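Residue numbers (full-length UniProt numbering): 1 to 127.
Dropping the structure here:
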């Protein structure tokens with residue numbers, strides 16, 4: 001039985017820039033990092049050491065060279081927070097490109113872009 005979301009692969013232009021973005025601007029931690037060959041590194045980041053789900057930061061060009069028909073378009077990802085205002089202000093203070101908070105009948109959310117221009121949505125959820 002599947003009971004957790006394990007990993008979400010983000011295809012990035014530069015793994016080190018992506019790692020810096022997630023760890024320095026969003027305060028994620030590196031959960032796993034290992035050289036996997038002469039031109040490949042496996043990097044996983046997550047919101048905390050105790051969080052199971054991680055983002056795998058995978059090089060777009062490497063994936064295309066390994067599998068020419070691979071779809072390296074950015075996935076749709078919704079991140080969760082229990083306090084939308086604090087999260088919004090933290091990201092904005094860290095110079096993250098954020099859009100205005102949208103207050104909808106079904107919840108509050110905002111979008112932001114990473115170092116490669118990929119867009120993510122942050123939604124307030126009650127835990």
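Glycine included, every Cβ here is placed at the ideal spot set by N, Cα and C.
All values derive from a computational prediction rather than experimental measurement.
Could you tell me the boundaries of the beta strand (DSSP E) in which residue i lies?
i, result
"residue 7", "7 to 12"
"residue 120", "119 to 124"
"residue 4", "Where residue 4 is concerned, there is no enclosing beta strand (DSSP E), given that its DSSP letter is neither H nor E."
Spatial neighbours of residue i within its chain, please: C-beta separation below 8 Å, excluding the five flanking residues on both sides.
i, result
"residue 30", "19, 23, 43, 44 and 45"
Please return the same chain residues whose Cβ sits closer than 6 Å to the Cβ of residue i, not counting the five positions on each side in sequence.
i, result
"residue 59", "15"
"residue 35", "41"
"residue 47", "28"
"residue 4", "52"
"residue 96", "25 and 112"
Give every residue of the same chain whose Cβ lies closer than 7 Å to the Cβ of residue i, excluding the five residues on either side of it in the sequence, and list them in chain order.
i, result
"residue 80", "123 and 125"
"residue 63", "11, 70 and 72"
"residue 17", "115"
Runs of alpha helix (DSSP H) lying entirely within the region 17 to 104, each at least 4 residues, in chain order: 60 to 66 and 84 to 93
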